[in-house]
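Worksheet: one structure, shown below.
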């Protein structure tokens with residue numbers, strides 16, 4: 065398959081919470097023999113950072129403005145089996161309209177900011193997705209599952225919804241092996257005021273794991 069992704073930077077970690085998921089998806093799709101292209105908007109601060117620029121998988125192309133897309137990448141979009149536009153993409157509404165007008169394969173919106181997206185749609189201030197555009201995409205992929213998917217279909221007219229949760233890049237962010245100090249961990253951005261709740265959850269779960277291990281040990285020696 066040929067897959068085209070349009071989203072925030074995939075070559076820089078600077079202020080970009082989506083890059084890990086995109087990199088992991090690109091790596092695994094490439095490993096399975098699929099042709100993966102990422103179209104990235106040139107942002108000076110990201111370009112200067114460029115800490116993930118050299119990757120042995122997929123293809124990444126940069127564009128400086130939306131007018132370049134139909135000139136340089138129309139063939140890539142027309143020839144793709146899947147074209148996915150990501151959330152938080154600058155000028156995402158205009159880009160999404162162009163993708164839906166141009167693509168011959170499946171079009172999708174990949175939302176890694178679903179709560180903020182829904183709030184923006186309700187208040188009319190979402191900068192990367194409009195209510196009218198939701199129903200134009202063939203598929204709505206959300207990092208949030210459950211009843212939210214039903215709400216996207218019921219309230220905003222999404223044709224088909226599916227959970228595609230954020231993922232960890234286990235090549236870059238692999239766990240420490242052989243270190244008995246770590247049983248459970250979390251990969252993600254700075255959670256700020258939510259950090260105490262996460263810490264409590266991890267400690268509670270770790271304690272439960274220890275109890276389970278003790279029970280197994282006792283059962284084996286009984």
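Numbering (the working numbering), first residue to last: 65 to 286.
C-beta atoms are modelled at their ideal positions from N, C-alpha and C, and glycine is treated no differently.
Are the CB atoms of residue j and residue i within a distance shorter than 8 Å?
i	j	result
residue 71	residue 146	no
residue 95	residue 232	no
residue 151	residue 181	yes
Might you give, ordered along the chain, the residues of its own chain that have their beta carbon closer than 7 Å to the beta carbon of residue i, omitting 5 neighbours on each side?
i	result
residue 230	85, 176, 207
residue 194	157
residue 221	198, 199
residue 268	none
residue 93	67, 100
residue 178	206, 207, 208, 212
residue 170	145, 146, 202, 203
In three-state DSSP terms, what is residue i?
i	result
residue 187	helix
residue 66	strand
residue 193	coil
residue 228	coil
residue 123	strand
residue 207	coil
residue 174	strand
residue 112	Per-residue confidence for residue 112 stands at a pLDDT of 42, beneath the threshold of 50, marking its modelled position as unreliable; the derived number appears in the next sentence. Note: residue 112 maps to helix in three-state DSSP.
residue 96	coil
residue 200	coil
residue 148	strand
residue 160	helix
residue 137	coil
residue 103	strand
residue 72	coil
residue 257	helix
residue 180	helix
residue 219	helix
residue 168	coil
residue 129	coil
residue 267	helix
What separation, rounded to the nearest whole angstrom, lies between the Cα atoms of residue i and residue j?
i	j	result
residue 224	residue 202	7 Å
residue 166	residue 235	35 Å
residue 191	residue 205	18 Å
residue 141	residue 66	9 Å
residue 168	residue 187	32 Å
residue 172	residue 184	19 Å
residue 81	residue 75	12 Å
residue 209	residue 126	32 Å
residue 266	residue 136	48 Å
residue 212	residue 164	24 Å
residue 139	residue 174	21 Å
residue 257	residue 144	42 Å
residue 73	residue 264	33 Å
Excluding sequence positions up to five away, which residues of its chain have a Cβ less than 8 Å from the Cβ of residue i?
i	result
residue 159	70, 130, 133, 149, 153
residue 161	197, 200
residue 98	65, 66, 67
residue 226	203, 204, 205, 206, 213
residue 90	69, 74, 100, 102, 119, 121, 122
residue 228	174, 205, 206, 207
Leaving out five residues before and five after residue i in sequence, what residues of the same chain have Cβ atoms less than 6 Å from its Cβ?
i	result
residue 128	106
residue 155	130
residue 216	204, 222, 225
Discussion item. With three or more beta-carbon pairs closer than 8 Å as the criterion, would you say the region 121-130 touches the region 95-106?
Written reply: yes
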